[in-house]
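A.B. asks: Going by the working numbering, the sequence shown opens with residue 3, and the numbers climb by one from there. Dumping the structure here so I can ask a few things about it.
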Amino acid sequence: GSAVRLVLEKHGLGYRAQERRTRLDHVTVSRMASGYVPSMPTVIQFAQGFGLDVNEWLELAGYPRIEPSLTDSVRTVVTHAEELTYEPEFDEVDVSGFHGAENLSPHDREVLNRVARAFLSEKRRRAGR
Numbered sequence: 003g004s005a006v007r008l009v010l011e012k013h014g015l016g017y018r019a020q021e022r023r024t025r026l027d028h029v030t031v032s033r034m035a036s037g038y039v040p041s042m043p044t045v046i047q048f049a050q051g052f053g054l055d056v057n058e059w060l061e062l063a064g065y066p067r068i069e070p071s072l073t074d075s076v077r078t079v080v081t082h083a084e085e086l087t088y089e090p091e092f093d094e095v096d097v098s099g100f101h102g103a104e105n106l107s108p109h110d111r112e113v114l115n116r117v118a119r120a121f122l123s124e125k126r127r128r129a130g131r
């Protein structure tokens, strides 16, 4: 919570004003500032919105680090989350067009798919589905 408050204070932003940077609603960020640990996608989205080290924030929230080879692809997931589609029959998100996806190892592709599925799950939850 205190780390979130420090970032907002440093940038002179309130809960509503940060929405333009992070695309996170003010209620979520207010809860984070109160100590609530959000989903992994929310942590990533907050950190990237302020240009912070995603892995430091993931560790702070108790999540595993993302390999450096996936950083650009994860940034693409965050940026283009609205365009993601999930293929339940394959238990996979189409990440083929993402930056660097063609060079990912099978392990890294699976990690990226887990992050993308988490973003889609969060997107559906926010939409009330």
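Yeah, the Cβ is synthetic: ideal placement off N, Cα and C, and Gly gets one too.
For residue 6, which residues in the same chain have their Cβ closer than 6 Å to its Cβ, ignoring the five residues on either side in sequence?
C.D. replies: Taken in chain order, the residues that qualify are 34 and 35.
A.B. asks: How would you label residue 43, buried or exposed, when you count the other beta carbons within 10 angstroms and need 16 or more for buried?
C.D. replies: So residue 43 ends up on the buried side.
A.B. asks: Beta-carbon within less than 6 Å of residue 59's beta-carbon, same chain only, minus the 5 sequence neighbours each way: which residues are those?
C.D. replies: Only 45 and 49 meet the Cβ criterion.
A.B. asks: Work out the CA separation of residue 124 and residue 118 for me, nearest whole Å.
C.D. replies: C-alpha separation (whole angstroms): 10 Å.
A.B. asks: So, using beta-carbon positions, are residue 122 and residue 114 closer together than 8 Å?
C.D. replies: For residue 122 and residue 114, no; Cβs fall outside 8 Å.
A.B. asks: In terms of residues, what are the limits of the alpha helix (DSSP H) holding residue 10?
C.D. replies: Where residue 10 is concerned, the enclosing alpha helix (DSSP H) stretches over 4-12.
A.B. asks: Leaving aside the five residues before and after residue 25 along the sequence, list all residues of the same chain whose C-beta is less than 8 Å from its C-beta, in chain order.
C.D. replies: Same-chain partners within the cutoff: 47 and 51.
A.B. asks: Which residue marks the beginning of the alpha helix (DSSP H) containing residue 49, and which one marks its end?
C.D. replies: Start and end: 42-51.
A.B. asks: Please identify the residue among 129, 76, 127 and 38 whose C-alpha is closest to the C-alpha of residue 112.
C.D. replies: Nearest option by C-alpha distance: 76.
A.B. asks: Helix, strand or coil for residue 19, going by three-state DSSP, please let me know.
C.D. replies: If DSSP states are grouped into helix, strand and coil, residue 19 belongs with coil.
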